[in-house]
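All remarks here apply to the structure that follows.
2 protein chains.
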Amino acid sequence: MSLPHAILTALLEKPSSGLELTRRFDRSIGYFWSATHQQIYRELGKLEQAGHIRALPAPTPARGQKKEYEVLPAGRAELTEWVARSEDPKPLRSALLLRMRAAAVVGAPGMREELRRHLDLHRRQLEEYRAIEVRDFPPARRESEPDRLRHLVLRGGIDLERFWVEWLTQALGELER
Amino acid sequence: MSLPHAILTALLEKPSSGLELTRRFDRSIGYFWSATHQQIYRELGKLEQAGHIRALPAPTPARGQKKEYEVLPAGRAELTEWVARSEDPKPLRSALLLRMRAAAVVGAPGMREELRRHLDLHRRQLEEYRAIEVRDFPPARRESEPDRLRHLVLRGGIDLERFWVEWLTQALGELER
DNA sequence: CCCGCTTGTGCAACTAGTTGCAGAACACTC
DNA sequence: GAGTGTTCTGCAACTAGTTGCACAAGCGGG
Chain H
1288 MSLPHAILTA LLEKPSSGLE LTRRFDRSIG YFWSATHQQI YRELGKLEQA GHIRALPAPT
1348 PARGQKKEYE VLPAGRAELT EWVARSEDPK PLRSALLLRM RAAAVVGAPG MREELRRHLD
1408 LHRRQLEEYR AIEVRDFPPA RRESEPDRLR HLVLRGGIDL ERFWVEWLTQ ALGELER
Chain G
1288 MSLPHAILTA LLEKPSSGLE LTRRFDRSIG YFWSATHQQI YRELGKLEQA GHIRALPAPT
1348 PARGQKKEYE VLPAGRAELT EWVARSEDPK PLRSALLLRM RAAAVVGAPG MREELRRHLD
1408 LHRRQLEEYR AIEVRDFPPA RRESEPDRLR HLVLRGGIDL ERFWVEWLTQ ALGELER
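Protein chains in written order, with my numbering: chain H, 1288 to 1464; chain G, 1288 to 1464.
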C-alpha cells in the first residue's frame, strides 16, 4: 500500500500530470519506490475516486489531453496518518544473492561476468547519487528539517549502493582465487 | 522467475517435503528470497509438471500425506543455466525510505518510535546472522569453493543489516536534534 | 473410542506489479 | 493537407505474491 502514498508525496511537492509524475518517479522518488506509468495512471484514478486528489480544471477535457492533479486536504491527512503508521520491514529479496547460493550448489562459471556488470551498474548509480548530493545538498541546504530529512534519504541510497559495490568487489575477489 | 530456482537450490541441498521446504525458507534461503507455504506448494506442482523434480514414491499416496521431492537432471540443468543468466538488479523498494521522504513534506511526528522499532528488528537479525556465521563458518570451513560462496552470501546479509542499523541510528540522531 | 491438537497439503480469491498495445491531440514538414 | 513523430492517457491481460480457509492423517489423553 505504498504506491498511493508515494504519489501523494510527489504531488504535494509539486502538482503534476501523469506523465510528469512518471518522469519524476524515474529520477527521484523512484530511486526507492519505482513505478511504471500504467501503475501511476491507475492509482491516480483511484486516488481521485477516493477524494484524495483532484484534477485541476482543464480548458478542454478530453482523452489524450494533459491533466494536472493536486492533493486535497483529505489526501494530505491520509498521508500524515500513513507516515506515523507502523509496518514491518519486508524481508529482502535479492535474485543475485540467491544466484550466488545456487552457484554454491551447481557451480559458478559464468557468474563473474554478471557480477562485473552489476558492479558497474551500482558504481554508476552511486556516482549519480553523489552528484545529486553535491548539487542539491550543499552544507547551506542542510538546515531546515525537511532538507535534512531528504538528505537522510539520499544518504540511505548512497550507503546502500556503497554496500553493493563493496560486496560485489569482495565476491569477484573470491571467485578469482 | 526466482522462486522455482530457489526451490531447486533448496531441494538439491536436501530433498524435502513441502512443509520442510517452508521451514527451511523461514530460516535459510528465505533470508534473501522468502516465500509462503502456498507459493511453495504451487511451485512444486509446476516444477513436477515440467519434469524438473519428482515426488519420491510414497507407501500410500493420499491427500494430507507427506510427499518428498527430489531434483531430476532436467531440473539441475535448468538451475545451472539460470545461474549464468543475466538479469538487471531490480530497483530498491523501501517503504521506510519512502515514509521518510513523505515525512519531509508533512512532518515527522510519530516516526521516532517506528525507527526505534526497526532498529531493534535489524539489530536482532544482525545478531542472528552473526550467530550463524560463528556456528556454520569457522575458519576451517572456509576452504572449499561451495563453503566460501555460501559464506559470501551470509556476509552480504550481515553487511546489509549493518547498513540498516547504521542508517537508522543516524536517522534517529537527526530527528532528535 | 472420540475429541482436540499438530502436521501436512492444497484450493480460491485477492492485491500489487508488469507488459503490450492503442488512441487522441498536437506539432512539424514536405 | 497528408504523413510522420511525439506527448499524454489509458485499457486488457498477465505474472508474482498474499491471505484466508478447508480437509485429511496421525497422535495423545480422558
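Using N, Cα and C, we set each Cβ at its ideal position, and we do this for glycine too.
Distance CB(residue i)-CB(residue j) smaller than 9 Å
i, j, result
"residue 1450 of chain G", "residue 1436 of chain H", "no"
"residue 1391 of chain G", "residue 1433 of chain H", "yes"
"residue 1337 of chain H", "residue 1355 of chain H", "no"
"residue 1306 of chain G", "residue 1340 of chain G", "no"
"residue 1370 of chain H", "residue 1302 of chain H", "no"
"residue 1388 of chain H", "residue 1319 of chain G", "yes"
"residue 1372 of chain H", "residue 1401 of chain G", "yes"
"residue 1315 of chain G", "residue 1385 of chain H", "no"
"residue 1405 of chain G", "residue 1376 of chain H", "yes"
"residue 1419 of chain H", "residue 1441 of chain H", "yes"
"residue 1365 of chain G", "residue 1308 of chain G", "no"
"residue 1439 of chain G", "residue 1463 of chain H", "no"
"residue 1304 of chain G", "residue 1443 of chain H", "no"
"residue 1323 of chain G", "residue 1394 of chain H", "no"
"residue 1410 of chain H", "residue 1452 of chain H", "yes"
"residue 1291 of chain H", "residue 1335 of chain H", "no"
"residue 1459 of chain H", "residue 1422 of chain H", "no"
"residue 1445 of chain G", "residue 1408 of chain G", "no"
Strand pairing of residue i, partner residues [DSSP]
i, result
"residue 1421 of chain H", "In DSSP, residue 1421 of chain H forms no bridge with anything."
"residue 1356 of chain G", "G:1303 and G:1342"
"residue 1320 of chain G", "H:1380"
Residue-level contact to chain H via CB, residue i, 9 Å cutoff
i, result
"residue 1393 of chain G", "yes"
"residue 1381 of chain G", "yes"
"residue 1389 of chain G", "yes"
"residue 1432 of chain G", "yes"
"residue 1361 of chain G", "no"
"residue 1450 of chain G", "yes"
"residue 1447 of chain G", "yes"
"residue 1377 of chain G", "yes"
"residue 1355 of chain G", "no"
"residue 1341 of chain G", "no"
Residue-chain proximity (residue i, chain G), Cβ-Cβ < 9 Å
i, result
"residue 1347 of chain H", "Unreliable positioning characterises residue 1347 of chain H in this predicted model, as indicated by a pLDDT of 48, which lies under 50. The coordinate reading is nonetheless provided below. So, not an interface residue."
"residue 1366 of chain H", "yes"
"residue 1333 of chain H", "no"
"residue 1350 of chain H", "Confidence at residue 1350 of chain H is low in this model, with a pLDDT of 49, below 50, so its placement is unreliable and the value that follows should be read with caution. Chain G contact via Cβ: absent."
"residue 1440 of chain H", "yes"
"residue 1461 of chain H", "yes"
"residue 1457 of chain H", "yes"
"residue 1427 of chain H", "no"
"residue 1371 of chain H", "yes"
"residue 1374 of chain H", "yes"
"residue 1338 of chain H", "no"
"residue 1454 of chain H", "yes"
"residue 1289 of chain H", "yes"
Legend entry - Completely contained alpha helix (DSSP H) runs for the segment 1363–1442 of chain G, where each covers 4 or more residues: 1382–1393 and 1398–1423
Inset, instruction - Below 8 Å between beta carbons is the criterion; list the residues of the segment 1401–1424 of chain G that meet it against any residue of chain H, in chain order. - result: Listed by position, the residues of the segment 1401–1424 of chain G near chain H (Cβ gap below 8 Å) are 1401, 1404, 1405, 1408 and 1409.
Legend entry - Contact residues within the segment 1311–1331 of chain G, judged by C-beta distance below 8 Å to chain H: 1316, 1317, 1318, 1319, 1320 and 1321
Legend entry - Interface positions of the segment 1292–1311 of chain H facing chain G (Cβ-Cβ less than 8 Å), listed along the chain: Flagged, chain order: 1292, 1293, 1295, 1296, 1299 and 1300.
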